[in-house]
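So the numbering used here is basically just the index in the sequence shown, starting at one, shifted up by 1214.
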Amino acid sequence: MGQNLLIDYCISDGDTEESRKCARELISLKPDVLFAVTNTSMASLQAEGSNIPTVFAMVSDPIGMRYVETFARPGRNVTGFTAFVPSLGGKWVSLLKEIAPQIERIGVVYNPEPGNNSAAFLASIKAVAQTSGVVSVETPHGDSSSIERLIVSLQDTRKAGLVFLPDALTAARRKEMTALVAKCRLPAIYFLRLFCDVGGLVSYGVNLNKIYAGAASYVDRILRGANPADLPVQAPTEFEFIINRKTARVLGLELPESLLARADEVIE
């Protein structure tokens, strides 16, 4: 291991106020480069008016959020790796419907904070839900307690399921979230395989290791003198489809072999 790099970090677990505190704390240290994970963290740095070179990861719509001017030429002190595109919203609905065909109502769990940019996914969710004969119910949350109330409120709804939109808070609380979803016997789809690793039914999203490896390479290039304005924003080109077959059995779901064959990994 080299000894020429000092790393300071601050973890907010998706809490907006804590994220702002972290942003102020890290900016005050005057580092050579900042690394922001998720829209919440990036929005906090932007709100503080930082002009320190910054690399982001796991964000959606960096142009719409005004982090960069274009993907090819970010044009500012910020660049990085996106992880989500709006069309994923519809993909999550169609996959959940395929895995649990009985579903007629879907609760969409999302963070309404503007910096989280959940709105980018809602249009495609509504469009695919309508063509699939499913009613989508937007269920915004403010904290983990409100998420738990939303999940419990659906357990008595016949033929219901859940779609979890990208959010640092639910990712940080994934063990509690998946355990409660299982207790309520609700089929749910998540945005990262991390949820399936702790009992979630199914996930469709980017490979975190690849995203972070790419971001690390950009941090290295900036530390060696590269200008973030000249480093193009990288969008995901592949997604991984993970199924937790053990959870499917507990829920009484019979998964067709054709569906299992499409999965990148089936957790037994």
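All C-beta atoms in this analysis are idealised placements derived from N, C-alpha and C, irrespective of residue type, glycine included.
Item                                                                                                                                                                          : Value
If you draw a straight line from the C-alpha of Ser-1233 to the C-alpha of Pro-1326, how long is it?                                                                          : 16 Å
Going along the chain, which residues of its own chain have a beta-carbon closer than 8 Å to the beta-carbon of Met-1215, five neighbours each way excluded?                  : Because the pLDDT of Met-1215 is 48, which lies under 50, any placement of that residue in the model is unreliable, and the question is left without a value.
Drop a sphere of 10 angstroms on the beta-carbon of Asn-1291, count the other beta-carbons inside from all chains shown, and report buried for 16 or more, exposed for fewer. : buried
Quick check: what's the CA-CA separation for Gln-1369 versus Ala-1449?                                                                                                        : 36 Å
Given that a residue counts as buried once 16 or more other Cβ atoms are within 10 Å of its Cβ, and exposed if not, what is Asn-1458?                                         : buried
Mapping DSSP to helix, strand and coil, what is Met-1215?                                                                                                                     : Residue placement at Met-1215 is poorly supported in this model, since its pLDDT is 48, which falls under 50; the coordinates are not used for a value here.
Using the C-alpha atoms, what's the distance from Ala-1382 back to Asp-1227?                                                                                                  : 6 Å
According to DSSP, is Pro-1354 helix, strand or coil?                                                                                                                         : strand
For Asn-1458, does the three-state DSSP call read helix, strand or coil?                                                                                                      : strand
Specify, as a first and last residue, the run of the beta strand (DSSP E) that Tyr-1324 falls within.                                                                         : 1319-1324
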